[in-house]
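Novice: Going by my numbering, the sequence shown opens with residue 170, and the numbers climb by one from there. The beta-carbon is built from N, C-alpha and C at its ideal position, and this holds for glycine as well. Predicted model only: the values in this text are computed from it and were never measured.
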Amino acid sequence: MSAEQVDAFRFPVLVGDIGGTNARFAILSGPSAGLSEPRIVQTAAFATIDDAIRSTVLEGMGVRPRTALIAVAGPVNGDEIPLTNCPWVVRPNTMLAELGIADVVVLNDFEAQALAVTALGPDDLEQIGGDEPLAHAGRVVLGPGTGLGVAGLVYHRGIWIPVPGEGGHMDIGPRTPRDFEVFPHIETIEGRISGEQILCGRGLVNTYRAVALADGKPHPLTTPAEVTRAAFDGADATAREALELFVTCLARTAGDVALVFKSRGGVFLSGGIAQKIVPALKTGAFRAAFEDKAPHGAMMRTMPVYVMTHPLAALLGLAAYARAPWSFGVETEGRRWQE
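#1: Just the C-alpha distance for Ala172 and Asp402, rounded to the nearest angstrom, thanks.
#2: Hey, Ala569 and His338: beta-carbon distance below 9 Å or not?
#3: Of all the CB atoms in chain D, is at least one closer than 9 Å to the CB of Ile239?
#4: I need the straight-line Cα distance from Arg492 to Ser205, nearest angstrom please.
#5: Per DSSP, what kind of secondary structure is Ser198 in: helix, strand or coil?
#6: Are three or more beta carbon pairs between the stretch 480-499 and the stretch 313-330 nearer than 8 Å?
#7: Can you list, in chain order, the residues of its chain whose CB lies under 7 Å from that of Leu481, leaving out five sequence neighbours each side?
#8: So, using beta-carbon positions, are Ala285 and Gly321 closer together than 9 Å?
#9: Between Ile187 and the ligand HEM, is the CB less than 8 Å from at least one heavy atom?
#10: Would you report the Cα separation of Pro181 and Ala271, rounded to the nearest angstrom?
#11: As an exercise, report each continuous beta strand (DSSP E) stretch of at least 3 residues that is fully enclosed by the stretch 208-286, in chain order.
#12: Return the bridge partner residues of Glu295 from the DSSP annotation.
#13: Check each candidate in Ala457, Val416, Gly372 and Gly189 and name the one with the smallest Cα separation from Ile218.
#14: Could you check which residue in Phe430, Tyr475 and Pro251 has the C-alpha nearest to that of His305?
#15: What is the residue span of the alpha helix (DSSP H) that Asp384 lies within?
#16: Express the C-alpha separation of Pro331 and Ile442 in angstroms, rounding to a whole number.
#17: Anyone know if the C-beta pair for Thr407 and Ala381 falls short of 9 Å?
#18: Quick check: Ser198 and Val309, are their CB atoms within less than 9 Å of each other?
#19: So the beta strand (DSSP E) Val499 belongs to, where does it begin and stop?
#20: In this structure, what does DSSP give as the bridge partners for Ala192?
#21: Determine the burial state of Gln366: buried for a count of at least 16 other Cβ atoms within 10 Å of its Cβ, exposed for fewer.
#22: If contacts are defined as beta-carbon pairs under 8 Å, then Phe437 and Tyr475 qualify, I think. What distance do you get, rounded to the angstrom?
#23: Out of Glu395, Asp278, Gly312 and Val241, point me to the one whose CA is closest to Met477's CA.
#24: Which runs of the alpha helix (DSSP H), 4 residues or longer, sit entirely within the stretch 419-475?
#25: Closer than 8 Å by C-beta to Phe352: which residues in its own chain qualify, once you throw out the five before and the five after it? Chain order, please.
#26: Look at Leu414 and Val396 and say whether their C-beta atoms are less than 9 Å apart.
#27: What is the rounded straight-line gap between the Cα of Leu373 and the Cα of Pro333?
#28: Pull up the CB-CB distance for Pro244 and Glu335, whole angstroms please, since I reckon it's below 8 Å.
#29: Short of 6 Å in beta carbon distance, which residues of its chain neighbour Leu276, apart from the five on each side in sequence? Order them along the chain.
#30: Can you tell me whether Asp220 is buried or exposed, with buried defined as 16 or more other CB within 10 angstroms of its CB?
#31: When DSSP labels each residue in this structure, what does Pro181 get in the three-state scheme?
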């Protein structure tokens, strides 16, 4: 049998991107078809992912998929897969038994974001400095959202290989004198300041509170949207500094991961937060912190950074994989369940 015959998925294919706050579903009816109109639901509205699929897809869309490609915010280990920032637990064997699905593949959500990099066009990207990407060079994706997702993408022997990980939990520390004033006030997790303590929605609020505490000022804002809005309005100096520190720390982390993968194919920022703060990313502070990686500053200056502006990039990545799985080096052992 050819590789295409061995690896092909059965259609219709359900593609799902499950984050900490929202779940996004769409149907791919065939290998040449476009994605259906996506359905977006709040994870808090359903007790389980099975309930969400049953209500949103089986009943709401009137489709019974034969394959489900699901991307989840968390590591995929075993037959019960808990999400890092959501109470749902994905149980593929239950999906096979109760939803009529014959084939279930569960990937990390940022693995899907990495797959999406191969499917996005120029209109889906906003470039933040750097040169033109090298065609088959390494790439990385970072996304501050409910948490901080990180993944790599490498090209080897004619196929793209996504590299999932938990890079959002790397340590992050102070560098400047002002950092050393602010960081002692950042809320830790078991004594650590990881990327997610700053570079996500709650992390932005955490940073805002830390800046205020460092200066002995009040900190009445309680949501990421409030902090972002106050920063852009210009009336709240604490919120403005918090957003500036957020951008700087995102750039430092992006630069660190870019060094790991030698990402001359591009660094891609995904998710709603990155899309909302594009003006802050384009002030020059992001590029300065991203490139500040001596002795490799010259190489860093060549690396392009992009904001992924397509609102459903992960679904596009899963759909690209569904259409031609032989074009990607996705490891499915231990992550694929079949009837």
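Specialist: Well, looking at it:
#1: Position 3 of the sequence shown, counted from the first residue, corresponds to residue 172. Position 233 of the sequence shown, counted from the first residue, corresponds to residue 402. At Ala172, the pLDDT of 43 sits below 50, so the modelled position is not reliable and the matter cannot be decided from this model.
#2: Any property of residue 569 remains undetermined from this structure, which presents the chain solely from 170 to 508.
#3: No chain D is present in this structure, which holds just one protein chain.
#4: Position 323 of the sequence shown, counted from the start, is the residue given in the question as residue 492. Position 36 of the sequence shown, counted from the start, is the residue given in the question as residue 205. Arg492 and Ser205: Cα-Cα distance of roughly 14 Å.
#5: Walking along the sequence shown from the start, residue 198 turns up at place 29. Correct three-state label for Ser198: coil.
#6: yes
#7: In the sequence shown, residue 481 corresponds to position 312, counting from 1. Arg193 and Pro207, listed in sequence order.
#8: If you number the sequence shown from 1, residue 285 lands on position 116. If you number the sequence shown from 1, residue 321 lands on position 152. Cβ distance not < 9 Å, so Ala285 and Gly321 don't count as in contact.
#9: For the structure depicted, the ligand HEM is absent and the ligand set is empty, with no information on it obtainable.
#10: Taking the sequence shown and counting its residues from 1, one reaches residue 181 at position 12. Taking the sequence shown and counting its residues from 1, one reaches residue 271 at position 102. Cα to Cα, the separation comes out at about 11 Å.
#11: 208-211, 236-241, 250-252, 255-259 and 272-277
#12: Position 126 of the sequence shown holds residue 295. In the DSSP output, where bridge partners are listed per residue, Glu295 has Val476.
#13: Here residue 218 is taken as the residue at index 49 of the sequence shown, counted from 1. Of the listed residues, the one whose Cα sits closest to Ile218 is Gly189.
#14: Your numbering for residue 305 matches position 136 in the sequence shown. For His305, the nearest C-alpha among the options comes from Phe430.
#15: Position 215 of the sequence shown, counted from the first residue, corresponds to residue 384. Start and end: Gly370 to Asp384.
#16: Position 273 of the sequence shown, counted from the start, is the residue given in the question as residue 442. Position 162 of the sequence shown, counted from the start, is the residue given in the question as residue 331. Distance between the alpha carbons of Ile442 and Pro331: 23 Å.
#17: To locate residue 407, count along the sequence shown from 1; it is residue 238. To locate residue 381, count along the sequence shown from 1; it is residue 212. In this structure, Ala381 lies closer than 9 Å to Thr407 by Cβ.
#18: For the purposes of this step, residue 198 is taken as residue 29 along the sequence shown, with counting starting at 1. For the purposes of this step, residue 309 is taken as residue 140 along the sequence shown, with counting starting at 1. Going by C-beta atoms, Ser198 is not nearer than 9 Å to Val309.
#19: Looking up residue 499 in the sequence shown gives position 330. Neither: Val499 is in no beta strand (DSSP E) and is coded neither H nor E.
#20: Residue numbering aside, residue 192 sits at position 23 when the sequence shown is read from its first letter. In the DSSP output, where bridge partners are listed per residue, Ala192 has Ile187 and Val210.
#21: Here residue 366 corresponds to residue number 197 of the sequence shown, with the count starting at 1. It counts as buried.
#22: The residue given as residue 437 occupies position 268 in the sequence shown. The residue given as residue 475 occupies position 306 in the sequence shown. Contact holds; Cβ gap of about 5 Å.
#23: One-based indexing of the sequence shown puts residue 477 at position 308. Closest by alpha carbon: Gly312.
#24: 441-445, 447-450, 454-460 and 466-471
#25: Position 183 of the sequence shown, counted from the start, is the residue given in the question as residue 352. Excluding sequence neighbours, Phe352 sits near Gly342, Pro343, Ile362 and Ala379.
#26: Taking the sequence shown and counting its residues from 1, the one referred to as residue 414 is at position 245. Taking the sequence shown and counting its residues from 1, the one referred to as residue 396 is at position 227. Not closer than 9 Å, so no.
#27: The residue you call residue 373 lines up with position 204 of the sequence shown. The residue you call residue 333 lines up with position 164 of the sequence shown. So the alpha carbons of these two residues sit roughly 24 Å apart.
#28: Taking the sequence shown and counting its residues from 1, the one referred to as residue 244 is at position 75. Taking the sequence shown and counting its residues from 1, the one referred to as residue 335 is at position 166. About 6 Å separates the two Cβ atoms, so the contact holds.
#29: Your numbering for residue 276 matches position 107 in the sequence shown. The residues are Ala240.
#30: Indexing the sequence shown from 1 puts residue 220 at position 51. The residue is exposed, with fewer than 16 neighbouring Cβ atoms inside 10 Å.
#31: Locating residue 181 in the sequence shown gives position 12, where the first residue counts as 1. Pro181: coil per DSSP, three-state reduction.
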